[in-house]
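Student: Quick one: the structure is below, and I'll ask about it shortly.
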Amino acid sequence: MALLKLNPINHQRWLRFRNNRRAFWSLWLFSAIFMLSLFAEFIANERPIVAYHDGLWYAPVFFDYSELEFGGDFDVRADYTDPFIQDLINENGWMLWPPVRFSFRTINYDLPSPAPAPPSAENWLGTDDQGRDVVARLLYGTRISILFGFTLTVLTSIVGIAVGALMGFFGGKLDLFGQRVLEVWSSLPTLFILIIISSMVQPTFWILMGIMLLFGWMGLVGLVRAESLRARNFEYVQAARAMGLGNTGIIFRHVLPNAMVATITFLPFILAGSVTTLTGLDFLGFGLPPGSPSLGEMINQGKNNVRAPWIGLSVFFMLSLILVLLVFIGEGVRDALDPRRTR
Amino acid sequence: MSQDLIRIENLSVGFEDDGKINQVVNEVSLTIPQGEIMALVGESGSGKSVTAQSILRLLPEPPVVYPSGAIWYQGKNLLAGPDSELRFIRGHKVSMIFQEPMTSLNPLHTIEKQLGEAIMLHDGTGRRKARPQIMEWLNRVGLRNPEKRLTAFPHELSGGERQRVMIAMALINEPELLIADEPTTALDVTIQAQVLDLIQKLQRELGMSVLFITHDLGIVRRMAERVAIMQGGHIVETGLTKDIFANPQQDYTRMLLSAAPSGQPEPVAAAALELLRADNLRVWFPIKKGLLKRVVDHVKAVDGIDLTLRQGETLGIVGESGSGKTTLGRALLRLVPSEGEIVYLGRGGEMLTGQSGQAVRLNTLSHRGMRPLRRFMQIIFQDPFGSLSPRMSVQQIVAEGLRVHERLSADEVEQHVIEALKAVQLDPETRHRYPHEFSGGQRQRIAIARALILNPGLLVLDEPTSALDRSVQKGIIELLRRLQKEKGLTYLFVSHDLAVVRALSHRIMIMQEGKVVETGDTEAIFNEPQEAYTRKLIAAIPAL
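Put into structure tokens, the structure is as follows:
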């Protein structure tokens, strides 16, 4: 934390968070999982990371190469899982493979038993019912879940904080009107709307995000509204007004920092909620397009293939781990920011 | 002659945090004699309340620990006794009243129920039977119309009435000791005088002891036979009140006694120009009723006030709570909407009128239009804890005005901040710290520095010293007086504390219910008050 110059209050909070060993380790573990999943292409892929052939370097992770470059017969994309191509490259060079030689969509055609195949040296956690490697799917699925969760959390928070701050700070008619809109809006059945929309268009990552944002931004509004309603009567806000600071300045410099503590406390929990939401939609089949790596789709497979417990159990443990870590982190943040202990 | 009721021996009290004990009371020994009023005096943070609350062990344990000491009552050590014994003593033998009567009463219960509960816990008398006793006590504490008040809720009573109910509740079981923890600090002076009289009268009637905790030496002199003076968790001096006042032994006691606000402001030059004028200023808050929110009436917070302020002058606005004095100050700065003329003749007017020396009618300006003028009229608030943002460093707080009104480089801003901090006698090296590291007086200085950095002409001081200890108050008053002289500042000084107002104001305006009762030169008001209300206010000041 030496890179960041924290003010003493935040430094205290950081120390308090660090003292909470469970939360602190959860944060590290979660970061590690997240980092690993960000580099999923280097861990689980159907292409080698680096290849050396005929005195030339290739990076199949990033680029598509034609078979011709390795001395093949046709001008098609090289399929590195093909023993023929592998032999071609190895004759005149070498390849560095990631530890798992499957991507999330790679189908293993050499399974010893029909899919879903049980764990083996090749497929560490077995395959799903379409012959795809469970480890790879878990890794990519985790990445998309966390990224979706993060993006959704950030976007809903921005909208929620903005609306809450405006309602609380200006109060009066705007506040009354806003509250009624909120009540109506939050009583719309999100799930049914999603089902209707997904029957019309195939939802992609961003369409899903848009819909979830449209119906999920209300979470923080009440909280931020209450905080800024309180803050606008603080004497230092009055003092800033007497100083000639405009409304925008007051909101950004005095009101929002106040609401921030309560907001940050909520973020890990909102993140956990977002991850669960996406998983739930995928499970029901209204989520990401078919073929996408997704924890929800894996849970569904686990349910459909009770005889192949490795699918259900792996995704169950992965999901529980992520959610439990997030909740632990959230608890740590909450305790560290507890206003009763900052005095 | 008098027997000791409670004997505190070597009491230490500490707050435990992460295994460390932060001791706030150190080896205090104190005896409370029977049938007398004993005052425990000290500034905030001296440990006087903690000492008093330890008698009933009211402080939560943990974090509170008692590293040493004993509190003897009838041959029993209260600190070592079991909880059951303590519960019997609480409310039966020793009662307590607190500073804030609103939060000491349960807002959801009627007065009768709360008093009845006290009786029932004591001897199991049911509600019906208790009623005559309750009535008797409401009469005794001088509550008007006690029959009607039985079914009243706390919010329907005024502050003074609530404190009377609290006293009735504390005394209804006729305890041997009443601990009064700053019972009048939240009350206006005239009501304070009544409550003090009441406590004194009941003490004589019941022959009980009173431990009276206060920071106000005027009250001590008026009430107490004995006094113990606390500082930093130690008892500095103890003895008969009259001895200590006549012949204080310790430096600290002498300092406290001499800390009363004194002196007078520098006279204003006869040729001083007018700076601000208000004509028939009104702030009415509408009371709306019914489905259509029709305005049925108004709360007339400020009701037709005329005033003029000359350059370099201090006008003291005095009144009890609810008199509209704070609203008046804010209305003049256009922080609350008002009606009536406000004319500003000071610096900065040329920015709006194009000519210097031209009058600006503030009441015609919009919020945005007011902004360029804001730097010339600043306000200091009462609560030094609430008026500084806890999330900003002193540097950021003080520089805030510069950010709004000037375009300066970071170095220039820093230079200005250092100068402003020096002007209020704070160490400029502390500018990177955060408000929670400063004491109340220092925080108030930071607030003054924040206002001064823009070099304003007019300062509205909204009870800037009320939340401070007398000795700290004195420093702030001297600072304000010096700044006025050096920078030719004009003050509008809003306060309920006549002693402070006298030390700072050239002229005084007495307000009651939004209207001016009397206005005139300070000494004239104090020496020859014309109105009955003014006389009552002046008479109610507990004199040292």
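Chains as they are written, first to last, in my numbering: chain V, 1 to 343; chain W, 1001 to 1544.
The beta-carbon is built from N, C-alpha and C at its ideal position, and this holds for glycine as well.
Note that the coordinates shown come from a computational prediction; the quantities given were computed from them, not determined experimentally.
What does W/N1022 pair with, by DSSP beta-bridge criteria?
Tutor: Start at 1 with the first residue of the second sequence, and residue 1022 of chain W comes out as number 22. The partner list for W/N1022 (beta bridge, DSSP) reads W/F1015.
Student: Compute the beta-carbon to beta-carbon distance between V/V134 and V/A44, rounded to the nearest angstrom, for a pair I have assumed lies under 8 angstroms.
Tutor: What you label residue 134 of chain V is simply residue 134 of the first sequence in a count that begins at 1. What you label residue 44 of chain V is simply residue 44 of the first sequence in a count that begins at 1. So it is not a contact: roughly 10 angstroms between Cβ atoms.
Student: Is it true that the CB of W/T1190 sits closer than 8 angstroms to the CB of W/A1449?
Tutor: If you number the second sequence from 1, residue 1449 of chain W lands on position 449. If you number the second sequence from 1, residue 1190 of chain W lands on position 190. No, Cβ-Cβ distance for W/A1449 and W/T1190 is not below 8 angstroms.
Student: For W/G1048 and V/V237, I'd like the C-alpha separation in whole angstroms.
Tutor: Against the second sequence, residue 1048 of chain W aligns to sequence position 48. Against the first sequence, residue 237 of chain V aligns to sequence position 237. The sequence given here has Lys at residue 1048 of chain W, not Gly. Taking the straight line from one Cα to the other gives about 33 angstroms.
Student: Hey, out of W/R1282, W/L1373 and W/E1320, whose CA is closest to W/V1336's CA?
Tutor: Within the second sequence, residue 1336 of chain W is the residue found at index 336, counting from 1. Out of W/R1282, W/L1373 and W/E1320, W/R1282 has the C-alpha closest to the C-alpha of W/V1336.
Student: Excluding the 5 residues preceding and the 5 following V/F148 in the sequence, name in chain order all residues of the same chain whose CB lies nearer than 8 angstroms to its CB.
Tutor: In the first sequence, counting from the first residue as 1, residue 148 of chain V sits at position 148. F205, L208, M209, S274, V275 and L278, listed in sequence order.
Student: DSSP has W/D1427 in a bridge; who is on the other side?
Tutor: Indexing the second sequence from 1 puts residue 1427 of chain W at position 427. Paired residues: none, contrary to the question.
Student: Counting contacts by CB-CB distance shorter than 8 angstroms, is W/G1131 in contact with chain V?
Tutor: As a first step, residue 1131 of chain W is located in the second sequence; it is residue number 131 there, counting from the start. For the record, residue 1131 of chain W in the displayed sequence is Arg; it is not Gly. Not one chain V Cβ lies under 8 angstroms of W/R1131.
Student: Are the segment 1377-1384 of chain W and the segment 1427-1446 of chain W in contact at 8 angstroms, needing three or more beta carbon pairs?
Tutor: Counting Cβ pairs under 8 angstroms, three or more are found: they touch.
Student: Taking the alpha helix (DSSP H) that V/P8 belongs to, which residues open and close that run?
Tutor: Mapped onto the first sequence, residue 8 of chain V falls at position 8. First-last of the alpha helix (DSSP H) with V/P8: P8 to N19.
Student: Strictly by DSSP, which residues pair up with W/Y1073?
Tutor: Position 73 of the second sequence holds residue 1073 of chain W. W/I1006 and W/K1076.
Student: Counting only beta-carbon atoms, is V/L245 nearer than 8 angstroms to chain W?
Tutor: Residue numbering aside, residue 245 of chain V sits at position 245 when the first sequence is read from its first letter. For V/L245, the answer is yes, since a Cβ of chain W falls inside 8 angstroms of its Cβ.
Student: Would you list the one or two residues that DSSP bridges to W/E1518?
Tutor: Mapped onto the second sequence, residue 1518 of chain W falls at position 518. For W/E1518, which the question treats as bridged, DSSP gives the partners W/I1510.
Student: Look up V/L313 in the DSSP assignment and say whether it is helix, strand or coil.
Tutor: Working through the first sequence from its first residue, we reach residue 313 of chain V at position 313. Correct three-state label for V/L313: helix.
Student: Please confirm if the segment 1458-1468 of chain W is in contact with the segment 1366-1383 of chain W, defined as three or more CB-CB distances below 8 angstroms between the two stretches.
Tutor: The segment 1458-1468 of chain W, when compared against the segment 1366-1383 of chain W, does touch it at the 8 angstroms Cβ threshold.
Student: Applying a beta-carbon distance threshold of less than 7 angstroms, which residues of chain W neighbour V/H254?
Tutor: Reading the first sequence from its first residue, position 254 is the one you call residue 254 of chain V. Ordered by position in chain W, the residues that pass the 7 angstroms Cβ test against V/H254 are S1389.
Student: State buried or exposed for W/D1469, treating a residue as buried only when at least 16 other CB atoms are found within 10 Å of its CB.
Tutor: Here residue 1469 of chain W refers to the residue found at position 469 of the second sequence. Result: buried.
Student: Hey, out of V/M212, V/I158, V/R143 and V/G222, whose CA is closest to V/V181's CA?
Tutor: What you label residue 181 of chain V is simply residue 181 of the first sequence in a count that begins at 1. With distances taken between Cα atoms, V/V181 lies closest to V/G222.
Student: May I ask you to list the residues that DSSP assigns as paired with W/A1228?
Tutor: What you label residue 1228 of chain W is simply residue 228 of the second sequence in a count that begins at 1. W/L1040 and W/T1238.
Student: Is it the case that the segment 1498-1508 of chain W contacts the segment 1519-1526 of chain W, given that we only count it when at least three CB pairs across the two stretches are under 8 angstroms?
Tutor: The answer is yes - the segment 1498-1508 of chain W touches the segment 1519-1526 of chain W, with three or more Cβ pairs under 8 angstroms.
Student: Can you list, in chain order, the residues of its chain with a C-beta nearer than 7 angstroms to that of V/L29? Leave out the 5 residues immediately preceding and following it.
Tutor: As a working mapping, residue 29 of chain V is identified with position 29 in the first sequence. Contacts found: L325.
Student: Does W/K1289 come out as helix, strand or coil in the three-state DSSP assignment?
Tutor: The residue you call residue 1289 of chain W lines up with position 289 of the second sequence. Three-state result, W/K1289: strand.
Student: Let me know if V/Y80 comes out buried or exposed under the rule of 16 or more other beta-carbons within 10 Å of its beta-carbon.
Tutor: Against the first sequence, residue 80 of chain V aligns to sequence position 80. V/Y80 should be labelled buried.
Student: With three or more beta-carbon pairs closer than 8 angstroms as the criterion, would you say the segment 1261-1268 of chain W touches the segment 1281-1300 of chain W?
Tutor: No contact exists between the segment 1261-1268 of chain W and the segment 1281-1300 of chain W.
Student: Measure the C-alpha to C-alpha separation of W/V1299 and W/G1322 and round it to an integer number of angstroms.
Tutor: Residue numbering aside, residue 1299 of chain W sits at position 299 when the second sequence is read from its first letter. Residue numbering aside, residue 1322 of chain W sits at position 322 when the second sequence is read from its first letter. The straight-line gap from Cα to Cα measures roughly 11 angstroms.
Student: Give every residue of the same chain whose Cβ lies closer than 7 angstroms to the Cβ of W/A1052, excluding the five residues on either side of it in the sequence, and list them in chain order.
Tutor: The count along the second sequence starts at 1 and reaches residue 1052 of chain W at position 52. Excluding sequence neighbours, W/A1052 sits near L1040, I1179, D1181, L1211 and I1213.
Student: Does the distance from the CB of W/Q1023 to the CB of W/P1067 come in under 8 angstroms?
Tutor: As a first step, residue 1023 of chain W is located in the second sequence; it is residue number 23 there, counting from the start. As a first step, residue 1067 of chain W is located in the second sequence; it is residue number 67 there, counting from the start. Yes, the pair counts as a contact, with Cβ atoms nearer than the cut-off.
Student: Is there a Cβ from chain W that is less than 8 angstroms from the Cβ of V/A2?
Tutor: Sequence index remark: in the first sequence, residue 2 of chain V carries index 2 (1-based). Summary for V/A2: the model assigns pLDDT 44, below 50, so the residue's position carries little reliability; its value from the coordinates is reported in the next sentence. Not closer than 8 angstroms to any Cβ of chain W, the Cβ of V/A2 fails to qualify, so no.
Student: Excluding the five sequence neighbours on either side, which residues of its own chain have a C-beta within less than 6 angstroms of the C-beta of V/E41, listed in chain order?
Tutor: Indexing the first sequence from 1 puts residue 41 of chain V at position 41. Cβ within range, chain order: V61.
Student: With DSSP run on the structure shown, which of helix, strand or coil describes W/E1437?
Tutor: Locating residue 1437 of chain W in the second sequence gives position 437, counting from the first residue. In this structure, W/E1437 counts as helix in the three-state DSSP scheme.
Student: Under 8 angstroms between beta-carbons, which chain W residues line up against V/R241? List them in chain order, please.
Tutor: As a first step, residue 241 of chain V must be located in the first sequence, where it is residue number 241. Chain W residues near V/R241: L1335.
Student: So, does the CB of W/F1493 fall closer than 8 angstroms to a CB anywhere in chain V?
Tutor: Along the second sequence, one-based indexing puts residue 1493 of chain W at 493. No, because no Cβ of chain V sits closer than 8 angstroms to the Cβ of W/F1493.
Student: To test your reading of the DSSP string, which unbroken alpha helix (DSSP H) runs of 4 or more residues are found completely within the segment 212-281 of chain V?
Tutor: List check, alpha helix (DSSP H) in window: 221-231, 235-242 and 247-250.
Student: Taking the beta carbon of V/A2 as the centre, do at least 16 other beta carbons fall within 10 Å, making it buried, or is it exposed?
Tutor: For the purposes of this step, residue 2 of chain V is taken as the residue at position 2 of the first sequence. Residue confidence for V/A2 is low, a pLDDT of 44 falling below 50, so the modelled location carries little weight; the figure read from the coordinates is stated next. The residue is exposed, with fewer than 16 neighbouring Cβ atoms inside 10 Å.
Student: Quick check on the DSSP output: the alpha helix (DSSP H) that includes W/I1111 runs from which residue to which?
Tutor: Indexing the second sequence from 1 puts residue 1111 of chain W at position 111. Residues I1111 to D1123.
Student: Going by other Cβ atoms of all chains shown within 10 Å of its Cβ, with 16 needed for buried, is V/A57 buried or exposed?
Tutor: Position 57 of the first sequence, counting from 1, holds the residue named residue 57 of chain V. Reading off the sequence, residue 57 of chain V comes out as Trp, not Ala. V/W57 should be labelled exposed.
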